[in-house]
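Below is one structure, written out as structure tokens; comments come after it.
2 protein chains.
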Amino acid sequence: MNTTTLKKISEVLGISISTASRALKNHPDISEKTKAKVIELAQTLDYEPNANAIHLRTNNNRLLGIVVPSISNFFYDAFIAAIEEEARQQGYSVMILQSGDNAEVEANNLKLLRQNRVCGVFACITPTTTQMQPFEKLLAMQIPVVFFDKVPDYANCIRISIADAEAASMAATALNEAGIKKVLAIFGNPAMSITKKRMQAFSNTIQFPKSCRLIHAHSFYEAYTLTKTHCSHKPLPEAVFCMSDEILTGTMKAILELGLQIPKQIKVIALSNGFFPQLYYPIITYVETSGYQLGKLSFHKMMACINGDRTSTELTVPCSIIKGGSL
Amino acid sequence: MNTTTLKKISEVLGISISTASRALKNHPDISEKTKAKVIELAQTLDYEPNANAIHLRTNNNRLLGIVVPSISNFFYDAFIAAIEEEARQQGYSVMILQSGDNAEVEANNLKLLRQNRVCGVFACITPTTTQMQPFEKLLAMQIPVVFFDKVPDYANCIRISIADAEAASMAATALNEAGIKKVLAIFGNPAMSITKKRMQAFSNTIQFPKSCRLIHAHSFYEAYTLTKTHCSHKPLPEAVFCMSDEILTGTMKAILELGLQIPKQIKVIALSNGFFPQLYYPIITYVETSGYQLGKLSFHKMMACINGDRTSTELTVPCSIIKGGSL
DNA sequence: AAAGCCCCTGCAAACGTTTGCGAAAATGTT
DNA sequence: AACATTTTCGCAAACGTTTGCAGGGGCTTT
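Set out below in structure tokens:
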């Protein structure tokens with residue numbers, strides 16, 4: 002590694018390391034003449050400060066960690082993109098780790114982040130995360146943790162999520178207003194708090210709960226098969242509600258397969274990030290749950306924490322209904 | 002930051018820092034008794050080695066950089082996921098930066114990676130990248146650069162991409178074998194080398210080029226409108242070929258809107274990452290251009306480079322046709 | 001001319017590790 | 001009992017930077 006350091010610069014110029022250091026950061030103590038000399042030599046020698054040394058010395062690496070189930074996911078990639086964008090603008094770097102929804106991997110990831118002395122962690126916990134100890138260690142080190150999307154039922158932590166209840170409620174209201182009684186509502190893994198919230202709000206809001214059928218699908222494929230079985234025989238539900246993009250795509254595949262016309266034969270509404278609904282014709286009506294917005298909000302809260310804000314809040318990104326032609 | 006260091010451990014135990022260090026890495030010089038003592042104290046004090054210090058001292062941070070146009074993209078997120086997976090297994094970390102297809106941002110990203118003394122960079126260049134200097138600096142620092150997907154026309158660099166020509170050719174062959182003459186073939190931005198390669202291979206292989214129509218769509222939306230205009234009046238093309246997922250989704254939306262039955266009224270084949278084809282019914286037949294595989298291959302080449310391999314090659318990930326029901 | 005002051009620069013410690021080398025303590029060998 | 005050997009440990013330098021402090025030189029002020 003042919004790397005030029007402050008030492009090398011100082012030796013060439015016959016000055017001390019500290020002078021070189023100060024010259025490069027435009028310190029008022031240094032004369033313009035030496036500043037010019039140092040800066041020029043630094044240019045020609047392609048000096049690039051060693052980030053590791055700076056971090057070690059200053060104990061501030063401006064590094065943020067993200068632990069996410071999977072990067073290749075239409076929700077989390079938007080979240081990550083938002084964080085990365087903001088971070089770069091603010092001079093922070095991000096370290097992104099995938100947990101694969103495996104609690105053990107998650108714990109290892111957190112360890113790695115601790116060892117790297119990140120100054121903040123965004124975490125979306127796995128469905129099987131029970132041990133909060135790795136997170137507590139972070140907090141003990143005064144490293145703020147912002148939980149997003151899949152947040153723990155854990156007292157006094159910072160939780161930022163989609164306005165789950167509100168979103169599900171909005172969808173239910175839209176169904177009510179359309180005068181729809183018989184709904185097939187498909188939710189995700191019932192063990193997740195996000196599912197619980199959405200399901201509860203939905204059933205509380207929907208006008209004719211008794212004529213609805215609420216079911217759970219754990220995957221794209223299960224959403225597909227379940228929709229197929231529920232919609233292959235009469236009487237069809239009037240509408241399908243999909244709790245997530247994953248479920249929406251599965252459901253839509255079944256609807257395509259069955260050749261059902263939207264919205265004539267069946268209506269569809271979903272909670273979605275916004276990308277998938279537009280792929281279909283007609284565009285699916287959905288309540289937007291934006292990973293991008295979630296990222297922005299999370300980042301701002303993180304900045305507040307780093308700047309001393311220690312209040313543990315539960316924030317939600319507001320949501321809005323985007324009308325397509327499926328209702 | 003309430004952080005415990007080797008120094009603290011050594012002070013508590015009345016031993017030297019070096020002994021503590023060696024004890025924790027099971028160095029043979031240290032007696033079992035002291036090892037046990039040190040390890041136990043480290044446990045209870047939650048000692049986590051400071052990665053920055055280690056990196057500074059050992060000049061090896063096992064950190065890899067990725068520069069990608071956008072994280073929230075169905076191709077790159079798979080690529081990134083593959084890299085992250087492998088990296089973590091091998092004890093490497095990754096730093097992911099988005100260029101937003103902006104050459105200036107790209108240059109800044111590379112600078113950041115240099116400053117962090119990464120030991121390798123994966124780069125997918127922007128369409129407007131002309132200055133190769135930031136990359137050359139990396140190479141001058143002996144940091145290997147693996148270009149992937151969008152690779153520069155630049156001598157002596159490591160390029161890893163989808164077997165573009167081969168993939169397009171395979172799709173054309175499949176159309177030939179199905180006895181299809183009249184194809185609507187939709188390609189992407191003609192300025193990109195990836196488009197050129199795919200288009201040329203396609204037209205060279207297709208059996209009845211004169212009855213085919215080759216057009217360009219620059220976006221999802223353009224693919225949608227173009228497909229709509231080309232397929233809304235008789236005689237319909239027998240099949241549509243889509244160069245990418247972006248185009249496929251646009252085309253499919255038009256087909257859904259027009260209510261055309263696949264494969265009865267129109268056939269579809271695409272080059273794809275593999276995710277979108279399965280969303281439809283029937284599953285779209287496609288030639289797989291896997292971002293995930295690309296990531297795996299890139300990573301292995303990177304490991305080879307880090308271990309001394311300095312041969313500049315041009316690799317491609319093999320592709321295969323995945324038969325759905327759309328042809 | 002002595003004292004005071006401002007400019008500029010260098011010294012040295014510190015951040016938390018790793019590691020070559022030397023030395024003390026323990027053990028084995030004549 | 002003297003010596004050789006092994007085991008176990010500590011010293012100190014190094015990685016590249018930042019930063020408090022002190023000090024030398026030139027200037028102005030009484």
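From first to last, the protein sequence lines stand for chains A and B. Following the working numbering, the numbering of the first sequence begins with 2 at its first residue and continues without gaps. Following the working numbering, the numbering of the second sequence begins with 2 at its first residue and continues without gaps. Where a beta carbon is used, it is the ideal one built from N, C-alpha and C, also for glycine.
Starting from residue i, follow the alpha helix (DSSP H) in both directions and report where the run begins and ends.
i	result
Ser-204 of chain B	194-206
Ile-339 of chain A	The structure shown does not extend to residue 339 of chain A, since chain A spans only 2 to 328, so no value can be given for it.
Ala-175 of chain A	165-178
Ser-19 of chain B	18-25
Asn-48 of chain A	Reading the sequence as shown, one finds Tyr at residue 48 of chain A and not Asn. Careful: Tyr-48 of chain A lies outside any alpha helix (DSSP H) and carries neither H nor E.
Ile-181 of chain B	Ile-181 of chain B -> no alpha helix (DSSP H), and no H or E assigned at all.
Cys-306 of chain A	292-307
Lys-138 of chain A	134-141
Residue i and residue j look like a contact to me (Cβ under 8 Å); what is the Cβ gap, rounded to whole Å?
i	j	result
Phe-76 of chain A	Ser-299 of chain A	Wrong, their Cβ atoms sit about 13 Å apart, outside the cutoff.
Gly-325 of chain A	Ile-285 of chain A	5 Å
Ala-186 of chain A	Phe-242 of chain A	4 Å
Pro-238 of chain B	Arg-199 of chain B	Wrong, their Cβ atoms sit about 18 Å apart, outside the cutoff.
Val-13 of chain B	Leu-65 of chain B	Not a contact, Cβ separation roughly 37 Å.
Ala-82 of chain A	Tyr-293 of chain A	7 Å
Lys-138 of chain A	Asp-246 of chain B	About 41 Å; that fails the 8 Å criterion.
Val-288 of chain B	Ala-240 of chain B	In fact, because the Cβ distance is near 14 Å, the residues do not count as touching under 8 Å.
Ile-256 of chain A	Leu-328 of chain A	Wrong, their Cβ atoms sit about 14 Å apart, outside the cutoff.
Ile-263 of chain B	Pro-283 of chain B	6 Å
Asp-274 of chain A	Ser-291 of chain A	The sequence given here places Asn at residue 274 of chain A; Asp does not occur at that position. Between Ser-291 of chain A and Asn-274 of chain A the Cβ distance is about 6 Å, and since that is below 8 Å, they are a contact.
Ala-168 of chain A	Cys-320 of chain A	4 Å
Asp-78 of chain B	Ile-72 of chain A	5 Å
Ile-97 of chain B	Gly-296 of chain B	At roughly 12 Å, the Cβ-Cβ gap does not stay under 8 Å, so Ile-97 of chain B and Gly-296 of chain B are not in contact.
I'd like the span of the beta strand (DSSP E) that includes residue i, first residue to last.
i	result
Arg-311 of chain B	From DSSP, Arg-311 of chain B is part of no beta strand (DSSP E); its letter is neither H nor E.
Leu-316 of chain B	315-318
Val-122 of chain A	122-124
Leu-1 of chain B	There is no way to answer for residue 1 of chain B, as the model of chain B reaches only from 2 to 328.
Ala-186 of chain A	184-188
Phe-149 of chain A	146-149
- Entirely within the stretch 50-112 of chain B and at least 4 residues each: give me those alpha helix (DSSP H) ranges in chain order. 52-59 and 77-90
- Task: Pull out every residue of the stretch 235-248 of chain B whose Cβ sits closer than 7 Å to any Cβ of chain A, in chain order.
- Result: none
- Query: For the 8 Å Cβ check, are there 3 or more pairs between the stretch 147-156 of chain B and the stretch 92-103 of chain A?
  - Reply: no
- Message: If the cut-off is 8 Å on Cβ atoms, which residues from the stretch 27-61 of chain B count as contacting chain A, listed in chain order?
- Response: Asp-47, Glu-49, Pro-50, Asn-51, Ala-52, Asn-53, Ala-54, His-56, Leu-57 and Asn-60
- Item | Complete runs of the beta strand (DSSP E) confined to the stretch 226-287 of chain A [at least 3 residues] | 240-243 and 268-273
- Query: Which residues, in order along the stretch 85-100 of chain A, keep a beta-carbon less than 9 Å from a beta-carbon of chain B?
  - Reply: Glu-85, Glu-86, Arg-89, Ser-94, Val-95, Met-96, Ile-97, Leu-98 and Gln-99
- Sufficient close CB pairs (3 or more, under 8 Å) joining the stretch 217-229 of chain B to the stretch 50-63 of chain B: no
- Query: Three or more beta-carbon pairs under 8 Å between the stretch 155-165 of chain B and the stretch 94-108 of chain B, yes or no?
  - Reply: no
- At least 3 beta-carbon pairs within less than 8 Å: the stretch 306-319 of chain A vs the stretch 23-41 of chain B: no
- Message: Along the stretch 137-156 of chain A, where does the CB come closer than 9 Å to a CB of chain B? Name the residues.
- Response: Lys-138, Ala-141, Met-142, Gln-143 and Ile-144
- Item | Interface positions of the stretch 258-285 of chain A facing chain B (Cβ-Cβ less than 7 Å), listed along the chain | Glu-258, Leu-280, Tyr-281 and Tyr-282
- Message: Under 9 Å, CB to CB, which of the residues in the stretch 180-200 of chain B have a partner in chain A?
- Response: none
- Query: Going along the chain, which residues of the stretch 65-77 of chain B sit with their C-beta nearer than 8 Å to a C-beta in chain A?
  - Reply: Ser-71, Ile-72, Ser-73, Asn-74 and Phe-75
- Contact between the stretch 169-179 of chain A and the stretch 202-217 of chain A (3+ Cβ pairs under 8 Å): yes
- Query: Three or more beta-carbon pairs under 8 Å between the stretch 67-75 of chain B and the stretch 125-140 of chain B, yes or no?
  - Reply: yes
- Going along the stretch 113-136 of chain B in order, which residues come within less than 8 Å of chain A, judged by CB to CB distance? Leu-113, Arg-115, Gln-116, Asn-117 and Arg-118
- Query: If contact means a Cβ-Cβ distance below 8 Å, which residues of the stretch 220-235 of chain A contact chain B?
  - Reply: none
- Report the residues of the stretch 289-302 of chain A with a CB closer than 9 Å to any CB of chain B, ordered along the chain. Gly-292 and Tyr-293
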